[in-house]
Amino acid sequence: MEARIGDYLAMLSSQRGLSDNTLKAYRRDLDKVVAFLHAAGLREWRSLDVYLLEEFIARVSEDGLDIRSQQRIMSSLRGFYDWLATQGEAAFNPARGIRLKVRRRDLPRVLDVDLIQQLLDAPAPEDEPEKSLWIRDHAVMELFYSSGLRLSELANSTLAQLDCSAGHITVTGKGNKTRRVPVGRKALKALELWLPLREQWCNEKSNDLIFITPKGSRFTERAIQLRLAFQGRRAGLPQHVHPHMLRHSFASHLLESSQDLRAVQELLGHADISTTQIYTHLDFQHLASVYDKAHPRSRKLSDKASDKK
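Take the sequence shown: its position 38, counting from 1, is numbered 42 in my numbering, and each next residue is one higher.
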(Lines of atoms letter the chains of each structure in order from A and count residues from 1; the text may use other names and numbers.)
(Lines give C-alpha, C1' and ligand atoms only; values in the text may rest on other atoms or scores of the structure.)
Protein backbone atom coordinates (compact mmCIF):
# COMPACT_ATOMS: atom_id res chain seq x y z
CA MET A 1 0.00 0.00 0.00
CA GLU A 2 2.83 2.37 0.87
CA ALA A 3 4.46 1.68 -2.50
CA ARG A 4 1.41 2.97 -4.37
CA ILE A 5 1.49 6.15 -2.29
CA GLY A 6 5.07 6.64 -3.43
CA ASP A 7 4.07 6.12 -7.07
CA TYR A 8 1.22 8.59 -6.72
CA LEU A 9 3.42 11.25 -5.13
CA ALA A 10 6.04 10.76 -7.85
CA MET A 11 3.33 11.40 -10.43
CA LEU A 12 2.20 14.56 -8.64
CA SER A 13 5.78 15.78 -8.48
CA SER A 14 6.57 15.17 -12.14
CA GLN A 15 3.26 16.14 -13.74
CA ARG A 16 2.00 18.88 -11.44
CA GLY A 17 5.23 20.20 -9.97
CA LEU A 18 3.96 20.18 -6.39
CA SER A 19 6.32 21.37 -3.67
CA ASP A 20 8.06 19.01 -1.27
CA ASN A 21 6.00 20.36 1.63
CA THR A 22 2.75 19.67 -0.21
CA LEU A 23 3.88 16.15 -1.08
CA LYS A 24 4.85 15.51 2.54
CA ALA A 25 1.39 16.66 3.65
CA TYR A 26 -0.23 14.24 1.18
CA ARG A 27 1.93 11.40 2.51
CA ARG A 28 1.07 12.18 6.14
CA ASP A 29 -2.63 12.15 5.31
CA LEU A 30 -2.49 8.88 3.38
CA ASP A 31 -0.23 7.25 5.97
CA LYS A 32 -2.95 7.83 8.59
CA VAL A 33 -5.39 5.85 6.46
CA VAL A 34 -2.82 3.08 5.88
CA ALA A 35 -2.27 2.73 9.64
CA PHE A 36 -6.03 2.51 10.18
CA LEU A 37 -6.44 -0.17 7.50
CA HIS A 38 -3.50 -2.19 8.77
CA ALA A 39 -4.99 -2.15 12.28
CA ALA A 40 -8.17 -3.58 10.75
CA GLY A 41 -6.15 -6.36 9.09
CA LEU A 42 -6.49 -4.94 5.57
CA ARG A 43 -3.65 -4.73 3.08
CA GLU A 44 -5.30 -3.52 -0.13
CA TRP A 45 -6.61 -0.09 -1.09
CA ARG A 46 -9.64 -1.68 -2.74
CA SER A 47 -10.75 -2.86 0.73
CA LEU A 48 -11.69 0.67 1.83
CA ASP A 49 -15.42 1.37 1.54
CA VAL A 50 -17.66 4.23 2.64
CA TYR A 51 -18.65 2.62 5.95
CA LEU A 52 -15.04 1.88 6.86
CA LEU A 53 -14.07 5.42 5.92
CA GLU A 54 -16.81 6.78 8.19
CA GLU A 55 -15.33 4.68 11.00
CA PHE A 56 -11.91 6.20 10.27
CA ILE A 57 -13.34 9.74 10.41
CA ALA A 58 -15.11 8.96 13.69
CA ARG A 59 -11.86 7.70 15.18
CA VAL A 60 -9.65 10.65 14.14
CA SER A 61 -12.40 13.02 15.24
CA GLU A 62 -12.39 11.44 18.69
CA ASP A 63 -8.60 11.75 18.69
CA GLY A 64 -9.09 15.51 18.39
CA LEU A 65 -8.27 16.00 14.70
CA ASP A 66 -9.90 19.27 13.65
CA ILE A 67 -12.38 19.51 10.79
CA ARG A 68 -9.93 21.24 8.44
CA SER A 69 -7.43 18.41 8.84
CA GLN A 70 -10.21 15.88 8.22
CA GLN A 71 -11.19 17.72 5.05
CA ARG A 72 -7.58 17.74 3.88
CA ILE A 73 -7.34 13.98 4.37
CA MET A 74 -10.55 13.47 2.40
CA SER A 75 -9.22 15.67 -0.39
CA SER A 76 -5.98 13.68 -0.46
CA LEU A 77 -7.94 10.42 -0.58
CA ARG A 78 -10.22 11.61 -3.38
CA GLY A 79 -7.25 12.50 -5.55
CA PHE A 80 -5.42 9.30 -4.70
CA TYR A 81 -8.41 7.06 -5.51
CA ASP A 82 -9.06 8.90 -8.76
CA TRP A 83 -5.48 8.05 -9.70
CA LEU A 84 -5.89 4.42 -8.57
CA ALA A 85 -8.93 4.17 -10.84
CA THR A 86 -6.82 5.23 -13.83
CA GLN A 87 -4.41 2.42 -12.91
CA GLY A 88 -7.24 -0.12 -12.79
CA GLU A 89 -6.77 -0.66 -9.05
CA ALA A 90 -9.99 0.87 -7.69
CA ALA A 91 -13.53 0.23 -8.88
CA PHE A 92 -14.94 3.27 -7.06
CA ASN A 93 -13.84 6.21 -4.95
CA PRO A 94 -15.11 5.86 -1.33
CA ALA A 95 -13.98 9.38 -0.45
CA ARG A 96 -16.48 10.81 -2.93
CA GLY A 97 -19.33 9.33 -0.91
CA ILE A 98 -18.56 11.49 2.14
CA ARG A 99 -18.82 15.24 2.60
CA LEU A 100 -17.66 16.97 5.77
CA LYS A 101 -19.19 20.24 6.88
CA VAL A 102 -17.35 23.02 8.67
CA ARG A 103 -19.04 23.00 12.04
CA ARG A 104 -18.36 22.11 15.64
CA ARG A 105 -17.16 18.58 16.23
CA ASP A 106 -20.25 16.40 16.49
CA LEU A 107 -20.81 12.83 17.51
CA PRO A 108 -21.33 10.17 14.93
CA ARG A 109 -24.87 8.86 15.00
CA VAL A 110 -25.90 7.50 18.40
CA LEU A 111 -28.45 4.76 18.97
CA ASP A 112 -31.19 5.72 21.40
CA VAL A 113 -32.04 3.38 24.27
CA ASP A 114 -34.92 1.73 22.38
CA LEU A 115 -32.69 0.89 19.41
CA ILE A 116 -29.95 -0.38 21.71
CA GLN A 117 -32.47 -2.73 23.31
CA GLN A 118 -33.71 -3.78 19.87
CA LEU A 119 -30.14 -4.66 18.90
CA LEU A 120 -29.04 -6.37 22.11
CA ASP A 121 -32.32 -8.16 22.86
CA ALA A 122 -32.73 -9.63 19.38
CA PRO A 123 -33.35 -13.40 19.67
CA ALA A 124 -30.58 -15.82 18.81
CA PRO A 125 -30.77 -17.74 15.52
CA GLU A 126 -31.98 -21.31 15.83
CA ASP A 127 -29.63 -22.91 13.32
CA GLU A 128 -25.87 -23.38 13.26
CA PRO A 129 -23.38 -21.95 12.53
CA GLU A 130 -25.18 -18.61 12.97
CA LYS A 131 -26.32 -19.47 16.49
CA SER A 132 -22.73 -19.88 17.70
CA LEU A 133 -21.57 -16.79 15.81
CA TRP A 134 -24.41 -14.82 17.42
CA ILE A 135 -23.33 -15.93 20.91
CA ARG A 136 -19.89 -14.45 20.25
CA ASP A 137 -21.21 -11.34 18.49
CA HIS A 138 -23.74 -10.73 21.25
CA ALA A 139 -20.97 -10.80 23.87
CA VAL A 140 -18.97 -8.36 21.74
CA MET A 141 -21.90 -5.94 21.44
CA GLU A 142 -22.80 -6.17 25.12
CA LEU A 143 -19.19 -5.48 26.11
CA PHE A 144 -18.93 -2.50 23.76
CA TYR A 145 -22.08 -0.94 25.18
CA SER A 146 -21.47 -1.98 28.80
CA SER A 147 -17.92 -0.67 29.06
CA GLY A 148 -17.49 1.88 26.26
CA LEU A 149 -14.44 0.19 24.78
CA ARG A 150 -12.65 1.28 21.64
CA LEU A 151 -12.55 -1.24 18.81
CA SER A 152 -8.80 -1.80 19.21
CA GLU A 153 -9.19 -2.24 22.98
CA LEU A 154 -11.83 -4.92 22.62
CA ALA A 155 -10.06 -6.74 19.78
CA ASN A 156 -6.81 -6.91 21.76
CA SER A 157 -8.26 -7.75 25.19
CA THR A 158 -7.11 -11.03 26.70
CA LEU A 159 -8.64 -13.43 29.18
CA ALA A 160 -6.14 -12.27 31.79
CA GLN A 161 -7.58 -8.74 31.57
CA LEU A 162 -11.14 -9.90 32.22
CA ASP A 163 -12.32 -10.54 35.78
CA CYS A 164 -15.89 -11.77 35.59
CA SER A 165 -16.15 -12.44 39.33
CA ALA A 166 -15.20 -8.83 40.14
CA GLY A 167 -17.17 -7.47 37.17
CA HIS A 168 -14.47 -5.45 35.44
CA ILE A 169 -12.00 -5.51 32.57
CA THR A 170 -8.59 -3.82 32.34
CA VAL A 171 -7.80 -2.49 28.86
CA THR A 172 -4.83 -0.80 27.25
CA GLY A 173 -5.81 2.37 25.41
CA LYS A 174 -3.99 5.10 23.58
CA GLY A 175 -0.47 5.86 24.66
CA ASN A 176 -0.32 2.39 26.25
CA LYS A 177 -2.36 3.72 29.16
CA THR A 178 -4.34 1.13 31.07
CA ARG A 179 -7.68 1.66 32.76
CA ARG A 180 -10.12 -0.59 34.58
CA VAL A 181 -13.78 -0.29 33.63
CA PRO A 182 -16.88 -2.05 34.96
CA VAL A 183 -18.61 -4.81 33.02
CA GLY A 184 -22.38 -4.74 33.42
CA ARG A 185 -24.64 -7.60 34.45
CA LYS A 186 -25.99 -8.33 30.97
CA ALA A 187 -22.52 -8.20 29.45
CA LEU A 188 -21.29 -10.67 32.08
CA LYS A 189 -24.18 -12.99 31.28
CA ALA A 190 -23.34 -12.80 27.56
CA LEU A 191 -19.68 -13.54 28.32
CA GLU A 192 -20.68 -16.54 30.46
CA LEU A 193 -22.40 -17.98 27.38
CA TRP A 194 -19.50 -17.13 25.09
CA LEU A 195 -16.47 -18.33 27.06
CA PRO A 196 -17.39 -22.07 27.07
CA LEU A 197 -17.96 -21.85 23.31
CA ARG A 198 -14.60 -20.11 22.96
CA GLU A 199 -12.95 -23.13 24.58
CA GLN A 200 -14.45 -25.33 21.87
CA TRP A 201 -13.04 -23.06 19.15
CA CYS A 202 -9.52 -22.98 20.62
CA ASN A 203 -6.66 -24.94 19.11
CA GLU A 204 -2.89 -25.06 19.38
CA LYS A 205 -2.61 -21.85 17.36
CA SER A 206 -5.06 -19.88 19.50
CA ASN A 207 -3.84 -17.04 21.66
CA ASP A 208 -5.23 -15.59 24.88
CA LEU A 209 -7.57 -13.11 23.19
CA ILE A 210 -11.11 -13.03 24.54
CA PHE A 211 -12.70 -13.08 21.11
CA ILE A 212 -11.64 -15.49 18.36
CA THR A 213 -13.06 -17.05 15.18
CA PRO A 214 -14.49 -20.56 14.83
CA LYS A 215 -11.06 -21.63 13.53
CA GLY A 216 -9.41 -20.35 16.70
CA SER A 217 -7.73 -17.40 15.01
CA ARG A 218 -7.77 -13.72 15.87
CA PHE A 219 -11.13 -11.93 15.53
CA THR A 220 -9.78 -8.93 13.61
CA GLU A 221 -11.05 -5.37 13.89
CA ARG A 222 -12.41 -5.50 10.35
CA ALA A 223 -14.21 -8.78 11.02
CA ILE A 224 -15.76 -7.27 14.16
CA GLN A 225 -16.98 -4.29 12.13
CA LEU A 226 -18.56 -6.54 9.52
CA ARG A 227 -20.26 -8.76 12.09
CA LEU A 228 -21.69 -5.77 13.99
CA ALA A 229 -23.07 -4.35 10.75
CA PHE A 230 -24.63 -7.75 10.01
CA GLN A 231 -26.20 -8.03 13.47
CA GLY A 232 -27.59 -4.51 13.12
CA ARG A 233 -29.29 -5.46 9.85
CA ARG A 234 -30.54 -8.70 11.35
CA ALA A 235 -32.12 -6.80 14.27
CA GLY A 236 -33.85 -4.46 11.80
CA LEU A 237 -32.05 -1.27 12.80
CA PRO A 238 -32.35 1.61 10.32
CA GLN A 239 -28.72 2.71 10.84
CA HIS A 240 -25.46 1.07 9.87
CA VAL A 241 -24.11 -0.21 13.20
CA HIS A 242 -20.39 0.12 13.89
CA PRO A 243 -18.25 -0.21 17.05
CA HIS A 244 -17.85 3.53 17.62
CA MET A 245 -21.63 3.88 17.56
CA LEU A 246 -21.91 1.57 20.58
CA ARG A 247 -19.08 3.37 22.39
CA HIS A 248 -20.69 6.74 21.72
CA SER A 249 -24.10 5.43 22.79
CA PHE A 250 -22.56 4.18 26.04
CA ALA A 251 -21.06 7.61 26.75
CA SER A 252 -24.14 9.57 25.73
CA HIS A 253 -26.60 7.48 27.75
CA LEU A 254 -24.35 7.41 30.80
CA LEU A 255 -23.85 11.16 30.73
CA GLU A 256 -27.56 11.82 30.32
CA SER A 257 -28.27 9.72 33.40
CA SER A 258 -25.38 10.74 35.64
CA GLN A 259 -24.40 14.26 34.48
CA ASP A 260 -20.88 13.34 35.66
CA LEU A 261 -18.56 14.43 32.86
CA ARG A 262 -15.39 13.54 34.75
CA ALA A 263 -16.55 9.99 35.42
CA VAL A 264 -17.41 9.49 31.75
CA GLN A 265 -13.98 10.88 30.83
CA GLU A 266 -12.29 8.28 33.02
CA LEU A 267 -14.42 5.42 31.70
CA LEU A 268 -13.70 6.35 28.08
CA GLY A 269 -9.99 6.84 28.69
CA HIS A 270 -9.91 10.40 27.36
CA ALA A 271 -6.77 12.32 28.30
CA ASP A 272 -8.49 15.68 27.75
CA ILE A 273 -11.97 16.43 29.07
CA SER A 274 -12.63 18.64 26.04
CA THR A 275 -12.86 15.42 24.01
CA THR A 276 -15.53 14.10 26.38
CA GLN A 277 -17.52 17.32 26.13
CA ILE A 278 -18.80 16.32 22.70
CA TYR A 279 -21.20 14.06 24.61
CA THR A 280 -23.02 16.97 26.23
CA HIS A 281 -25.55 17.01 23.38
CA LEU A 282 -28.47 16.04 25.63
CA ASP A 283 -31.77 15.90 23.83
CA PHE A 284 -34.23 18.73 24.43
CA GLN A 285 -36.76 16.52 26.18
CA HIS A 286 -34.20 15.52 28.79
CA LEU A 287 -33.07 19.11 29.25
CA ALA A 288 -36.66 20.27 29.60
CA SER A 289 -37.28 17.63 32.25
CA VAL A 290 -34.21 18.72 34.23
CA TYR A 291 -35.28 22.36 33.88
CA ASP A 292 -38.82 21.66 35.09
CA LYS A 293 -37.54 19.86 38.17
CA ALA A 294 -34.73 22.24 39.08
CA HIS A 295 -35.49 25.80 37.99
CA PRO A 296 -37.34 27.82 40.68
CA ARG A 297 -39.34 29.72 38.07
CA SER A 298 -40.44 26.53 36.36
CA ARG A 299 -41.69 24.44 39.26
CA LYS A 300 -45.42 24.03 39.71
CA LEU A 301 -47.30 25.75 42.53
CA SER A 302 -48.18 22.40 44.07
CA ASP A 303 -44.50 21.50 44.23
CA LYS A 304 -43.64 24.81 45.91
CA ALA A 305 -46.46 24.37 48.41
CA SER A 306 -45.25 20.92 49.37
CA ASP A 307 -41.75 22.32 49.93
CA LYS A 308 -43.14 24.72 52.54
CA LYS A 309 -44.77 21.97 54.60
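The beta carbon of each residue, even a glycine, is placed where N, CA and C say it ideally should be.
Close Cβ partners of residue 57 (< 7 Å) along its chain, the five nearest in sequence each way excluded | Here the question's residue 57 lines up with position 53 in the sequence shown. Closer than 7 Å at the Cβ level, and outside the excluded window around residue 57, lie 98, 99 and 102.
Neighbourhood of residue 224 by C-beta, 8 Å cutoff - its chain only, sequence neighbours within 5 removed | As a position in the sequence shown, residue 224 is number 220, starting the count at 1. Taken in chain order, the residues that qualify are 44, 45 and 159.
What's the gap between the Cα of residue 289 and the Cα of residue 116?
-> Position 285 of the sequence shown, counted from the first residue, corresponds to residue 289. Position 112 of the sequence shown, counted from the first residue, corresponds to residue 116. Its pLDDT being 44, under 50, residue 289 is placed unreliably by the model, and nothing is read from it.
Member of 165, 157 and 235 whose CA lies at the smallest distance from the CA of residue 179 | Here residue 179 corresponds to residue number 175 of the sequence shown, with the count starting at 1. The option with the nearest alpha carbon to residue 179 is 157.
On a CA-only basis, which of 245, 181, 76 and 77 is nearest residue 148? Give me that one, please.
-> Residue 148 sits at position 144 when you count from the first residue of the sequence shown. It is 245.
Would you kindly work out how many angstroms separate the C-alpha atoms of residue 95 and residue 26, rounded to a whole number?
-> Indexing the sequence shown from 1 puts residue 95 at position 91. Indexing the sequence shown from 1 puts residue 26 at position 22. The straight-line gap from Cα to Cα measures roughly 27 Å.
Could you tell me how far apart the beta carbons of residue 34 and residue 79 are, in whole angstroms, since I believe they sit closer than 8 Å?
-> Looking up residue 34 in the sequence shown gives position 30. Looking up residue 79 in the sequence shown gives position 75. Not quite, the Cβ-Cβ distance comes to about 11 Å (not below 8 Å), so this is no contact.
Which stretch, first to last residue, makes up the alpha helix (DSSP H) that contains residue 200?
-> Counting from 1 along the sequence shown, the entry for residue 200 is found at position 196. Run containing residue 200: 189-205, per the alpha helix (DSSP H) assignment.
Start and end of the alpha helix (DSSP H) containing residue 63?
-> For the purposes of this step, residue 63 is identified with residue 59 of the sequence shown, where counting begins at 1. 54-66 is the span of the alpha helix (DSSP H), which, as asked, contains residue 63.
In this structure, what does DSSP give as the bridge partners for residue 166?
-> By 1-based counting over the sequence shown, the position of residue 166 is 162. Bridge partners of residue 166: 173.
Beta-carbon separation (whole angstroms), residue 197 vs residue 139, contact threshold 8 Å | Within the sequence shown, numbered from 1, the residue matching residue 197 stands at position 193. Within the sequence shown, numbered from 1, the residue matching residue 139 stands at position 135. Yes, residue 197 and residue 139 are in contact; Cβ-Cβ is about 5 Å, under 8 Å.
Complete alpha helix (DSSP H) runs within the stretch 7-62 (minimum length 4 residues, chain order) = Runs of the alpha helix (DSSP H) lying entirely within the stretch 7-62, each at least 4 residues long, are 24-43 in chain order.
Runs of alpha helix (DSSP H) wholly within the stretch 219-258 (minimum 4 residues, chain order) | Segments of the alpha helix (DSSP H) lying fully in the stretch 219-258: 225-238.
Three CB pairs or more closer than 8 Å across the stretch 124-141 and the stretch 234-245 = Because the criterion of three Cβ pairs below 8 Å is met, the stretch 124-141 and the stretch 234-245 touch.
Would you check if the distance between the CB atom of residue 183 and the CB atom of residue 88 is smaller than 9 Å?
-> For the purposes of this step, residue 183 is identified with residue 179 of the sequence shown, where counting begins at 1. For the purposes of this step, residue 88 is identified with residue 84 of the sequence shown, where counting begins at 1. One thing to note: residue 183 has its Cβ no nearer than 9 Å to the Cβ of residue 88.
How many Å lie between residue 161 and residue 114 at the Cα?
-> Position 157 of the sequence shown, counted from the first residue, corresponds to residue 161. Position 110 of the sequence shown, counted from the first residue, corresponds to residue 114. C-alpha separation (whole angstroms): 24 Å.
Kindly provide the ranges of any alpha helix (DSSP H) runs that are 4 or more residues long and lie completely inside the stretch 118-160, ordered along the chain.
-> Taking only runs of at least 4 residues, the alpha helix (DSSP H) segments lying wholly in the stretch 118-160 are 134-151 and 155-160.
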